[in-house]
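Here's the structure, in structure tokens; my notes come after.
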Amino acid sequence: MALCAHCQKPLTITIEPESDDEDADDDVPMDSEPDTLPDDVHLPCGDHFHWECLLEAYEYSKCPACNRSIVASSSSSSSAEEQIIVDLNNEGGLQQGIDIAPILKEESYLRAYPEERKCRAFLEFCSEGDHRAIAELLKSCGEEMAAEDEDGEIVTEQVGGPSKSADEILRYQDPIGDMASGLHAAVANGHREVAWLLLLLASEYPELDFPALVFQEAGALGVMREDQAGKVDIRTLKDAHGRTAEDVARSVGVIWNGWVGTGRLALLGTVSGSSGGSGGAVTVRG
Ligand SMILES: [Zn+2]
Ligand SMILES: [Zn+2]
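In numbering that gives the first Met the number 0, the protein residues as written are 0 to 285.
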């Protein structure tokens with residue numbers, strides 16, 4: 000049987016049996032065998048790894064054991080995406096010929112920059128269209144900043160470095176994904192609720208021009224627009240190809256009819272070059 004090329008142990012993972020009562024340390028049944036599950040990443044070079052061992056040892060494009068290239072270029076995509084095709088055998092069963100390059104990239108990036116974990120989660124929620132999760136994530140930033148330790152002192156240091164503020168998360172651009180913002184991600188996947196939420200929280204799009212429902216929903220989720228003075232309007236963010244979210248909307252098609260050209264996804268005037276440039280004025284009610 001093949002062993003992990005990194006730690007030389009069998010390609011299984013041991014699952015700790017769940018204990019109902021953690022205090023009853025003398026009642027653990029000793030006859031119960033610990034459960035094991037397969038944990039095998041079979042690389043194209045032929046080497047096997049535990050998932051965690053591969054992540055630990057992985058360096059871009061090469062097998063950590065034999066140094067041979069493990070990437071293949073996808074033939075279907077015009078953008079020449081690099082793929083790492085493996086046979087994966089884990090708790091989900093055996094999956095043959097799947098591309099783990101996106102997960103590997105994401106996981107290695109998070110290991111190098113753990114402080115960006117929330118930013119990465121934010122982008123994922125934007126892609127998935129989960130506006131509730133976005134709201135919860137942003138609210139959790141405020142709580143964390145005010146967290147106190149056991150002695151009542153304000154804790155400023157977070158595990159893995161300082162955590163990002165809600166404003167930073169909202170304006171995060173993906174360094175391993177073409178510098179796409181959350182708005183780019185929401186637009187690319189056709190999620191209008193998310194687009195509205197992001198416009199409300201991180202742009203100067205006039206409040207009077209939002210559907211009333213957007214305010215109700217945001218209110219129910221416990222988030223609302225804060226003073227945007229001096230902050231970057233997310234509609235101005237461009238990806239690595241120089242595209243605004245509106246440019247992405249145009250390529251996505253009909254789902255963004257009524258949005259393109261209205262100033263919702265790009266500042267009016269930046270494209271047409273019209274004089275004045277006061278189109279971004281804030282409308283404040285009350
Ligand atoms: Zn291993
Ligand atoms: Zn190898």
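For every residue, glycine included, the Cβ atom is placed at its ideal position computed from N, Cα and C.
On a predicted model such as this, the values are computed, not experimentally measured, just so you know.
Just checking, does the stretch 184-197 make contact with the stretch 120-138 on the three C-beta pairs under 8 Å criterion?
-> yes
Which stretch, first to last residue, makes up the beta strand (DSSP E) that contains alanine 41?
-> It should be noted that the sequence gives histidine, not alanine, for residue 41. Where histidine 41 is concerned, the enclosing beta strand (DSSP E) stretches over 39-41.
Taking 7 Å as the cut-off, decide whether the C-beta atoms of isoleucine 84 and cysteine 44 are in contact.
-> no
For leucine 212, the first and last residue of its enclosing alpha helix (DSSP H) = 211-220
Cβ pair alanine 39, isoleucine 12 closer than 7 Å | The displayed chain sequence assigns aspartate, not alanine, to residue 39. Their beta carbons are not under 7 Å apart, which means aspartate 39 does not touch isoleucine 12 by this criterion.
Could you check where the alpha helix (DSSP H) with valine 193 kicks off and where it finishes?
-> 191-201
For lysine 138, which of helix, strand or coil comes out of DSSP?
-> helix
Between which two residues does the alpha helix (DSSP H) carrying glycine 181 extend?
-> 181-187
Given cysteine 118, which residues of its chain have a CB within under 7 Å of its CB, disregarding the five upstream and five downstream residues?
-> Lys163, Ile168 and Tyr171
Give the secondary structure of glutamate 58 by DSSP, where H, G and I count as helix, E and B as strand, and everything else as coil.
-> strand
Got a sec? Which residues, its chain only, sit under 6 Å from aspartate 177 by beta carbon, not counting five neighbours each side?
-> Asp238 and Ala239
Measuring from each Cβ to the nearest heavy atom of ligand 2, keep the ones under 6 Å and list them in chain order.
-> Leu42, Cys44, Asp46, Cys62, Ala64, Cys65 and Arg67
CB contact flag (alanine 165, leucine 122, <7 Å) = no
Histidine 240: CB within 6 Å of a non-hydrogen atom of ligand 1 = no
Closer than 5 Å: residues whose CB approaches a heavy atom of ligand 1 | Cys3, His5, Cys6, His49 and Cys52
Delimiting residues of the alpha helix (DSSP H) encompassing valine 247 = 244-251
For isoleucine 254 and valine 247, the rounded distance between their alpha carbons = 12 Å
Taking just the CA atoms, how far does alanine 71 sit from isoleucine 14?
-> 33 Å
Report all residues from its chain with a CB closer than 6 Å to the CB of leucine 182; omit the five preceding and five following residues, and keep chain order.
-> Leu197, Ile233 and Ala244
Using three-state DSSP, classify leucine 289 as helix, strand or coil.
-> The question about residue 289 has no answer, for the chain in this structure spans 0 to 285.
Taking three-plus beta-carbon pairs below 8 Å as touching, is the stretch 1-12 in contact with the stretch 46-55?
-> yes
Identify whether alanine 286 lies in helix, strand or coil by the three-state DSSP scheme.
-> No answer is possible for residue 286: the residues shown for the chain start at 0 and end at 285.
Could you spell out where the alpha helix (DSSP H) holding isoleucine 233 opens and where it closes?
-> No alpha helix (DSSP H) holds isoleucine 233; DSSP gives it neither H nor E.
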